[in-house]
Structure formats: structure tokens, C-alpha cells
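Enquirer: Take the sequence shown: its letters are residues 4 to 447, numbered as in the numbering used here.
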Amino acid sequence: MTRLERWLAARETLALWSILVVGFVFRLGWLFLRPEERLRPHESEMWRVAVAFARTGTLADAYRPGSGISSHVGPFNTILAGMVYRVFGVGTLPSELIMAVGAAAVAAALFWALYRVAAELGIPIVPRLAALAFLSLLPLNFYFEVVDFRIREAAFGAMIAAVGLLWLLRIDKACAAGVPLTMRWLAIFALLAAFAFLINPGLSLGLYAGIAIVALRHLAVRDWLPGVAVGLAALVVINGAWVIRNWEVYHRIMPSRGNFGLELAIGNHPAAVTPADARAVFNARMQAIHPAFGAGALARLKSYPSDVAYFDVVGAEAKAWIADHPGDFARLSLRHLRELYFPPAWQWNLYADSPARGVVVKQALKWAIAALGLAMLLVGLFERPRQWLFVAFALAFPTALYMIVQPTLRYRYVLEGLLVFLAAALVWRLVSVLVTRLAPARAA
Numbered sequence: 004m005t006r007l008e009r010w011l012a013a014r015e016t017l018a019l020w021s022i023l024v025v026g027f028v029f030r031l032g033w034l035f036l037r038p039e040e041r042l043r044p045h046e047s048e049m050w051r052v053a054v055a056f057a058r059t060g061t062l063a064d065a066y067r068p069g070s071g072i073s074s075h076v077g078p079f080n081t082i083l084a085g086m087v088y089r090v091f092g093v094g095t096l097p098s099e100l101i102m103a104v105g106a107a108a109v110a111a112a113l114f115w116a117l118y119r120v121a122a123e124l125g126i127p128i129v130p131r132l133a134a135l136a137f138l139s140l141l142p143l144n145f146y147f148e149v150v151d152f153r154i155r156e157a158a159f160g161a162m163i164a165a166v167g168l169l170w171l172l173r174i175d176k177a178c179a180a181g182v183p184l185t186m187r188w189l190a191i192f193a194l195l196a197a198f199a200f201l202i203n204p205g206l207s208l209g210l211y212a213g214i215a216i217v218a219l220r221h222l223a224v225r226d227w228l229p230g231v232a233v234g235l236a237a238l239v240v241i242n243g244a245w246v247i248r249n250w251e252v253y254h255r256i257m258p259s260r261g262n263f264g265l266e267l268a269i270g271n272h273p274a275a276v277t278p279a280d281a282r283a284v285f286n287a288r289m290q291a292i293h294p295a296f297g298a299g300a301l302a303r304l305k306s307y308p309s310d311v312a313y314f315d316v317v318g319a320e321a322k323a324w325i326a327d328h329p330g331d332f333a334r335l336s337l338r339h340l341r342e343l344y345f346p347p348a349w350q351w352n353l354y355a356d357s358p359a360r361g362v363v364v365k366q367a368l369k370w371a372i373a374a375l376g377l378a379m380l381l382v383g384l385f386e387r388p389r390q391w392l393f394v395a396f397a398l399a400f401p402t403a404l405y406m407i408v409q410p411t412l413r414y415r416y417v418l419e420g421l422l423v424f425l426a427a428a429l430v431w432r433l434v435s436v437l438v439t440r441l442a443p444a445r446a447a
């Protein structure tokens with residue numbers, strides 16, 4: 004351990020919480036730099052459903068007032084925001100401030116969990132604190148974190164997944180040291196994974212895959228079936244009310260939201276294969292089939308008995324096109340994979356006509372983070388596959404879902420924090436190697 008590492012290790016707790024607190028304050032202060040814009044509600048499908056819940060107690064009107072019961076968004080964040088609106092008023096300054104404080108706290112909790120994950124992976128303290136400072140103090144994602152994510156669930160889902168990854172690493176480590184894996188611990192983890200499924204199924208599948216590996220490693224064969232039963236029971240406990248609601252409304256079992264067909268159709272269609280202007284094609288597609296963006300699409304949705312019935316139809320259209328054009332689908336999926344990790348410039352300007360500021364710098368940072376983070380993942384898998392397999396799952400499962408739809412920067416957020424810590428670890432390695440090699444030359 005270097006002198007710098009020893010000095011930081013002696014002050015780690017102070018450094019950790021100082022960075023988190025300053026980052027929390029920065030986000031709230033950033034809101035007041037332009038309060039007329041940043042302390043207004045961010046109108047989205049989730050916001051509309053939260054408003055409907057505040058006023059009527061129903062999860063509805065995701066696209067326009069009066070558009071009906073919706074399964075487009077999940078229940079947790081919308082109900083929570085709806086309760087705030089019911090008490091403090093829709094779109095009022097107290098409501099938006101309360102939710103902004105909550106969103107900033109979720110971001111801080113996410114960064115804390117990722118910091119602890121990095122420690123479990125053996126990443127040294129210097130790159131850990133550097134990554135934490137990067138995420139906490141640079142306004143790279145401030146708009147998402149304290150405006151868009153007041154109600155949207157991306158940061159909350161990422162935080163739950165990071166806590167789950169931390170638990171996986173600690174449980175596996177404890178079991179490897181001889182501590183028995185009990186049904187109690189399986190049940191607690193299964194409840195967390197089930198809750199994650201309600202928020203973001205892709206992130207949840209990464210947790211389920213991780214706990215399955217832990218069980219295969221440390222659970223006796225005779226306990227596998229009881230372990231699966233515990234997992235299913237946790238899913239019923241957490242998601243049961245939502246499944247019952249969807250059964251009563253749509254007469255089908257839906258443990259998550261019902262808009263996958265729409266997302267599939269947005270990302271897979273003939274015009275997307277070789278677009279001259281990817282942004283224009285994306286917006287045209289949204290206008291054509293997304294009921295929150297196009298009047299024609301909303302009218303078409305209203306011709307069906309429910310939004311899920313409409314999603315089924317557009318999803319079936321997309322699946323039929325995919326079946327007839329498997330090569331185009333493969334090319335689109337590979338492009339979506341690239342866009343997820345290396346986002347194109349147009350994604351910073353999805354809907355606005357005026358160009359976003361600092362796109363070149365932001366794009367360069369995100370590309371560098373992705374390249375370095377993925378490289379560090381490969382290094383980790385080579386050196387310590389037992390631990391790093393859990394990290395691979397955390398990235399692979401949401402990636403597999405996002406690459407078959409059209410990813411945006413908001414989707415990428417659930418992966419970015421982990422990539423930042425991995426990138427910092429690789430940079431520190433490279434710097435350490437360089438310093439080591441230069442030291443003899445300087446001495447000579």
C-alpha cells in the first residue's frame with residue numbers, strides 16, 4: 004500500500020461521507036440555479052400516472068388525461084409520488100422539492116453501494132474514492148438524477164441492484180469461509196430480487212442469476228427445491244398485489260409492466276435499419292406508435308379495450324417483421340448494443356430542436372468510461388472469475404433486454420455507475436504500472 008493509500012485508508016469514512024454529502028448538496032443547489040425550469044414537474048408517462056393516482060387513486064392516464072387504466076409503468080414510484088402530490092399538491096414547490104430530495108438521496112445511496120461493491124472486489128481505495136467523487140460531484144447526470152428521476156425508477160432500480168450485488172459478494176465470501184447458507188438469507192435476498200423485478204426486470208434477472216450461482220456453490224442438493232420455493236414465495240409476497248391488479252384489469256398474469264411490445268416496436272422496424280438521420284427516424288417512430296407522443300397513436304390505442312391490448316398488437320407487428328427479417332434484427336440489436344455503451348450524439352438531443360450543451364465532452368467521457376469499464380470486467384473475469392461473475396451478470400442481463408429495444412441515455416444510467424468504478428480501477432492499474440516502470444529510469 005502506497006503512502007497515499009495509507010493516508011486515505013486512515014480517513015476513509017470521513018472521505019466517503021464528505022463526498023456523498025457534498026454531492027447531495029450540489030444536486031439540490033443545482034436545482035436552484037434555474038428553479039423555473041428544474042423545479043417544475045418533469046412530464047412523462049410516470050408523472051401522469053402519479054397525478055392520476057393523487058387525484059383518483061388509480062394508476063391511469065399515462066398518455067393523456069382520460070386515456071384510461073395503464074400498465075405502461077410500474078406501481079412503486081408512481082404510487083409514492085402520487086401520495087406526495089395528494090398531500091402537498093400536484094406540481095407545487097413543496098412536492099417537487101420533497102421528491103428532489105428523495106431522488107438525490109437515492110443517487111447517494113446508489114453511489115455508496117457501488118463504493119462498497121468496489122471494496123469487495125478488491126479495488127484500491129484511491130480509484131474507489133476517485134470514482135465516487137466523479138459520480139457525486141460532476142454534473143454529468145444531474146438532470147436525470149434530481150429532475151427526471153423524481154418519479155422515474157432508473158436510479159432507484161440501479162440502487163436496489165447495487166445493494167443486491169453487494170449482498171451477493173458478501174454472502175458468497177462468507178459461505179466460502181465456512182458460514183452456512185441458510186434459508187433465512189435466501190429469503191431475505193429473494194425479497195430484494197423480487198422487489199427489483201417490480202422496478203426493473205433486467206436488473207432483477209442479474210440478481211436471480213447471481214443467487215442461483217451462490218446456491219449451486221453452497222447449498223446442498225436436497226435444499227435446492229426448498230430454495231426455489233422460497234424464491235417463488237418472495238415473488239408472490241412482493242409482486243402479488245400487482246399481479247392481482249393486472250389480472251382484474253387485463254385478465255392475464257403480468258408480474259411486471261405490460262409495455263414491452265411497444266418498446267420492441269419502437270426499436271425494430273424497416274426505417275430503423277439504414278437511417279440517414281437516426282434522430283428523425285426515432286422521433287417519427289415515436290409519433291407513429293407511441294400514444295404519449297402522437298395523436299394518431301393515441302387514437303389507435305383508444306380503439307382497443309386496453310393499453311395492453313394495443314401493446315400486444317404493435318408487439319406482434321414487430322415480431323412478425325423480425326421473423327421475416329432476422330438479419331436486419333441482428334444488425335439493429337448490435338447497433339443498439341453499441342448505442343447502449345457508446346451512445347451517439349443524437350441521444351443528447353432526442354426531442355429538443357436546440358442542440359444540447361457540451362455533447363462532445365459528455366460523449367467522450369461516456370465512451371471512455373464504457374471502454375475502460377468493460378476492459379476491467381474482462382481483466383476481473385480472468386483474474387478472479389468467482390467474484391467477477393456476479394459483476395458480469397449485473398451488466399449482462401439488463402444489456403440483453405435493452406439491446407433488442409431502442410436504448411437511450413436514461414436506460415444506460417442503470418449500468419453507468421458500475422462502469423465508472425470499473426473504469427477507475429483500470430486507470431489506477433495502468434497508472435501504477437507506468438509509475439513502477441518509470442521509477443528505475445528516474446533512479447538511474
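Just so it is clear, CB atoms sit at the ideal spot from N, CA and C, and this is done for glycine as well. From a predicted model like this one, the values you see are computed outputs, not experimental measurements.
Look up Ile475 in the DSSP assignment and say whether it is helix, strand or coil.
Expert: Since the first residue of the chain shown is 4 and the last is 447, residue 475 is not available in this structure.
Enquirer: Does the separation of the CB atoms of Asn203 and Val408 fall below 9 Å?
Expert: no
Enquirer: From Met162, Asn242, Arg225, Asp151, pick the residue whose C-alpha is nearest to that of Ala193; which is it?
Expert: Ala193 has its Cα closest to that of Asn242, out of Met162, Asn242, Arg225, Asp151.
Enquirer: Using three-state DSSP, classify Ile407 as helix, strand or coil.
Expert: Coil, per DSSP.
Enquirer: Got a sec? Which residues, its chain only, sit under 8 Å from Trp33 by beta carbon, not counting five neighbours each side?
Expert: Arg41, Pro142, Phe145, Val149
Enquirer: Whose CA, out of Phe345, Leu169, Ala161, Tyr307, lies closest to the CA of Pro392?
Expert: Before going on, a small fix: residue 392 reads as Leu here, not Pro. Ranking Phe345, Leu169, Ala161, Tyr307 by Cα distance to Leu392 puts Leu169 first.
Enquirer: In terms of residues, what are the limits of the alpha helix (DSSP H) holding Tyr146?
Expert: 145-149
Enquirer: Inspect the beta-carbon positions of Ala312 and Ala300 and report whether they are closer than 9 Å.
Expert: no
Enquirer: Quick check: does the Cβ of Asn144 come within less than 8 Å of any heavy atom belonging to the ligand ZN?
Expert: Looking at this structure, you won't find the ligand ZN or any other ligand, since it has none at all.
Enquirer: Which residues mark the beginning and the end of the alpha helix (DSSP H) in which Phe198 is found?
Expert: From DSSP, the alpha helix (DSSP H) with Phe198 extends over 186-202.
Enquirer: Would you call the CB atoms of Arg153 and Gly77 closer than 9 Å?
Expert: no
Enquirer: Does the count of Cβ pairs from the stretch 23-33 and the stretch 103-123 closer than 8 Å reach three?
Expert: yes
Enquirer: Below 8 Å on the Cβ atoms is my guess for His221 versus Leu184; work out the distance and round it to an integer in Å.
Expert: 4 Å
Enquirer: Could you tell me how far apart the beta carbons of Asn80 and Glu156 are, in whole angstroms, since I believe they sit closer than 8 Å?
Expert: 5 Å
Enquirer: When DSSP labels each residue in this structure, what does Ala359 get in the three-state scheme?
Expert: coil
Enquirer: Assuming contact is defined by CB atoms lying nearer than 9 Å, are Leu208 and Gly160 in contact in what I supplied?
Expert: no
Enquirer: Report the three-state DSSP secondary structure of Ile214 (helix, strand or coil).
Expert: helix
Enquirer: Scan the stretch 312-356 and note each continuous alpha helix (DSSP H) run of 4 residues or more that stays entirely inside, going in chain order.
Expert: Qualifying alpha helix (DSSP H) stretches, in chain order: 329-344.
Enquirer: Cβ atoms of Tyr66 and Asp310: under 9 Å apart, would you say?
Expert: yes
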